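Numbering (this note's numbering), first residue to last: 25 to 348.
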């Protein structure tokens, strides 16, 4: 009965003319500045020839210059000076995210979904946002927030029903040397079209384990059969925080390594990859250090791979990282 009453109330709230008019009046200031509403990015202007030329250039003597790696880490952790523009979103006294102060105004109409706590001493400053106390189960909370997201429409574009992601380094060993399979994203991808990527990577949907998702993505993105992909090894997780405009992304990438047969050749099955190349691991390091050809968060996962699998300059790099 309580769930039915809640659904009826939500339906009435969504159909209320005064509420819709209020949302329309509030929508423009936020969406005008929302980077997430921007059109799809233009495809990357480089090709494999450019990437491989940079990769194979061993005459620069910059192998021990770590600044290129640090820049890639900083790129994924941008906007920390804007953190004060966000308020905590809390569930059962746990911080589960952050909401921009400008976006909080769009949540005030959903008073039976969100509770907005203002400052003490009569201050109107928002301290944090929580879910309404009547929403007690995960399903109730998920359904209620889902209804709000649908009601707000294009204020929250790009909803993918995914949280975090899985990234897999696919490598082979030949004559004592390690090689990485690198993908080049399709030029028609909504995000980062034409950029370099892992052999396999994807968002983590609700209701599927990391391991099962890796196996699924292996088949879809690289044509790797389960008999091989089931050998993928979990090697940890990488997290970063990226603030851009009204978006505060606290991302976690669950990382895997898969040693592939030397004669394996990937084949994309879902149209999201343009092509693949197998390149020596030191060459992949050169591309990361010298260019912006990789999708930004892929840099972090491959840098982690370099540390774990060992290159000659890594002891010096580790010492400098500790200094940072």
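Built from N, CA and C at the ideal position, the CB exists for glycine as well.
This structure is a prediction, so every number in the text was calculated from the model and none was measured.
Based on Cα-Cα distance, which residue from 239, 270, 249 lies nearest to residue 285?
249
Nearest-angstrom Cα distance between residue 99 and residue 86?
20 Å
Give me whichever residues DSSP pairs with residue 152 in a beta bridge.
112, 141
Can you give me the Cβ contacts of residue 173 inside the same chain, cut-off strictly under 8 Å, excluding the 5 residues immediately before and after it?
180, 183
Measure how close the beta-carbons of residue 121 and residue 267 come, nearest whole angstrom, since I'm counting them as under 8 Å.
Contact flag wrong, Cβ pair sits at about 12 Å.
Can you look up residue 135 in the DSSP assignment and give me helix, strand or coil?
Of the three classes helix, strand and coil, the one that applies to residue 135 here is coil, per DSSP.
Buried or exposed: residue 209, going by 16 or more other Cβ atoms within 10 Å of its Cβ?
Here residue 209 is buried. Its C-beta has 16 or more other C-beta atoms within 10 Å.
Can you grab the Cα-Cα spacing for the pair residue 111 / residue 83, in whole Å?
49 Å
According to DSSP, simplified to helix, strand and coil, what is residue 162?
helix
Does the Cβ of residue 290 have 16 or more other Cβ atoms within 10 Å, making it buried, or fewer, making it exposed?
buried
Select from 153, 309, 328, 243 the residue whose C-alpha is nearest the C-alpha of residue 296.
243
Where are the alpha helix (DSSP H) runs, 4 residues long or more, that stay fully inside the region 240-293, in chain order?
Taken in chain order, the complete alpha helix (DSSP H) segments of 4 or more residues contained in the region 240-293 are 250-253.
Where does residue 213 land, buried or exposed, given buried means 16+ other C-beta within 10 angstroms?
With 16 or more Cβ atoms within 10 Å of its Cβ, residue 213 is classed as buried.
Quick check: the Cα distance between residue 314 and residue 78, rounded to an integer number of angstroms?
8 Å
Beta-carbon within less than 7 Å of residue 80's beta-carbon, same chain only, minus the 5 sequence neighbours each way: which residues are those?
307
Roughly how many angstroms separate the alpha carbons of residue 255 and residue 88, rounded to a whole number?
33 Å
Taking Cβ positions, are residue 190 and residue 225 nearer each other than 8 Å?
yes
Any idea what DSSP makes of residue 94, helix, strand or coil?
helix
Under 8 Å, do residue 220 and residue 327 count as touching if we go by C-beta distance?
It is not a contact, given that the beta carbons lie outside the stated cut-off.
Provide the residue span of the alpha helix (DSSP H) that contains residue 351, from first to last.
Since the first residue shown for the chain is 25 and the last is 348, residue 351 is missing from the structure and cannot be characterised.
Counting only the same chain and skipping the five closest in sequence on each side, list residues whose C-beta sits under 6 Å from that of residue 287.
none
Whole angstroms are fine: how far does the CA of residue 264 sit from the CA of residue 280?
17 Å
With distances taken from CA atoms, which of 232, 274, 194 is nearest residue 305?
The shortest C-alpha to C-alpha distance from residue 305 to any of 232, 274, 194 is the one to 194.
On the three-state DSSP scale, how would you describe residue 197?
strand
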